[in-house]
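Q: In this note's numbering, the protein residues as written are 2 to 323.
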Ligand SMILES: [Cu+2]
């Protein structure tokens, strides 16, 4: 910003230049030097870098509150995502381990076709699972990609998790007793970052019946998509509405991705994924909105949700970029 006084100063320098020729050189240089000092920095996004390395997250333990942009880099050779859980009060990261073990037990029983054992495993889920909240987070990201998702975070304690499977084992499953799987605790402090809300070129609405484009258009290059969660649901598979971007390479891509989206099947959410994923935004409560940024080259893509049978449920929306 240039203040009124500064403009007057510059005018005086110009007059000096006109009147005195070469001698005015020094004041002009000084005026140019002064200009940056009065510039007010425009508030930028609060960027938090999270990396997926192997089956672990790497990132800060503590961040400021408000609009938060997660830059999620996948430096591993597996597909991952970063769901942000909001644990009920008093539930620590360590308390997640019994839940993760129960999920794995249920999965093993499903693979064995043992319904009784599945029910026994579900019976081991801690009661607080019903009170577990969600706060978005970056969607499915294939190896080598960098994704970006922006959500508003209130001060509190959060847990990032990735429950993709490798050889039938959820990444969240503790590899050994006393160890943690692909989970990471994140404390959001009372300090406000003051970061502005991103500007989107497309608004996508999510209801319990699927996706609908509200306004805007997708373009060749960077796209920031605002996702309005008009409705949210708790499905029997413990998942809810979200959105991810997949590449549509051929006529089979959507069918293959559709089958992959149910974690309860042996091939569901198993690495490698049958299609490439470029990111997205995980579950937010009804009435909230978040953003994700994705670089799109000309080609065919689809928005798809991680819900059982997304295509039949309205959660596959193909699109093309010219
Ligand atoms: Cu993972």
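We put the beta carbon where it would ideally sit given N, CA and C, even for glycine.
Bear in mind the structure is a predicted one, so any value in this text is a computation, not a measurement.
1) Let me have the residue list for ligand 1: C-beta closer than 5 angstroms to any non-hydrogen atom, ordered along the chain.
2) Pull up the distance between the alpha-carbon of residue 301 and that of residue 96, whole angstroms please.
3) I think residue 330 touches residue 295, with their Cβ atoms under 8 angstroms apart; what is that distance to the nearest whole Å?
4) As a quick exercise: from 182, 224 and 241, pick the residue whose alpha carbon is nearest that of residue 81.
5) Determine, using beta-carbon pairs with one atom in the region 161-170 and one in the region 98-114, whether at least three such pairs fall under 8 angstroms.
6) Enumerate in chain order the residues of its own chain whose CB-to-CB distance from residue 59 is below 6 angstroms, with the five nearest sequence positions on each side excluded.
7) Would you check if the distance between the CB atom of residue 124 and the CB atom of residue 279 is smaller than 8 angstroms?
8) Closest to residue 203 by CA distance: which of 223, 261 and 309 is it?
9) For residue 157, collect the residues of the same chain with a Cβ closer than 6 angstroms to its Cβ; drop the 5 residues on either side in sequence, then sort them by chain order.
10) For a minimum of 3 consecutive residues, which ranges assigned as the beta strand (DSSP E) are wholly contained in the region 142-222?
11) Would you call the region 171-182 in contact with the region 139-155, where contact means no fewer than 3 C-beta pairs closer than 8 angstroms?
12) Could you check whether residue 272 and residue 238 sit closer than 8 angstroms to each other, using their CB atoms as the reference points?
13) Here's the rule I'm using: 16 or more other beta-carbon atoms within 10 Å means buried, otherwise exposed. How should residue 309 be labelled?
14) Can you tell me whether DSSP reads residue 249 as helix, strand or coil?
15) How would you call residue 210, buried or exposed, if buried means at least 16 neighbouring beta carbons within 10 angstroms?
16) What is the rounded straight-line gap between the Cα of residue 195 and the Cα of residue 47?
17) From residue 120 to residue 312, what distance separates their C-alpha atoms?
18) List the whole-angstrom C-beta distance separating residue 322 from residue 255, where the pair is believed to meet the contact cut-off of C-beta under 8 angstroms.
19) Thinking C-alpha only, which one of 133, 118, 304 and 91 is nearest residue 277?
20) Using 10 angstroms around the beta-carbon of residue 307, count the other beta-carbons present and answer buried if the total reaches 16, otherwise exposed.
21) Please say whether residue 87 and residue 134 have beta carbons closer to each other than 8 angstroms?
22) Round the Cβ separation of residue 257 and residue 275 to the nearest angstrom and send it over; I've been treating them as touching at under 8 angstroms.
23) Going straight from the alpha carbon of residue 113 to that of residue 172, what length do you get?
24) Who pairs with residue 72 in a beta bridge, going by DSSP?
25) Bridge partners for residue 269 per DSSP, in chain order?
26) Identify, in the order they occur along the chain, each residue of the same chain with its Cβ nearer than 6 angstroms to the Cβ of residue 22, setting aside the five sequence neighbours on each side.
27) Beta-carbon within less than 6 angstroms of residue 288's beta-carbon, same chain only, minus the 5 sequence neighbours each way: which residues are those?
28) For residue 104, name the three-state secondary structure that DSSP assigns.
29) Consult DSSP for residue 128 and reduce its assignment to one of helix, strand or coil.
30) Within 10 Å of its beta-carbon, does residue 122 have 16 or more other beta-carbons around it, so buried, or fewer, so exposed?
A: Taking the coordinates as given:
1) Matched residues: 81, 163, 165, 172 and 183.
2) Answer to the nearest angstrom: the Cα atoms are 42 angstroms apart.
3) Nothing about residue 330 can be reported from this structure: the residues present for the chain run from 2 to 323 only.
4) 182
5) Output reads yes: the region 98-114 touches the region 161-170.
6) 52
7) no
8) Taking only the C-alpha atoms, the option nearest residue 203 is 223.
9) 189
10) 147-154, 157-162, 184-193, 203-208 and 211-217
11) no
12) no
13) buried
14) coil
15) exposed
16) 8 angstroms
17) 28 angstroms
18) Contact doesn't hold; Cβ gap of about 17 angstroms is too wide.
19) 304
20) buried
21) yes
22) 4 angstroms
23) 20 angstroms
24) 50 and 149
25) Answer is none; residue 269 lacks a bridge partner.
26) A caution first: residue 22 carries a pLDDT of 40, below 50, which makes its placement in the model too unreliable to give a value.
27) none
28) helix
29) helix
30) buried
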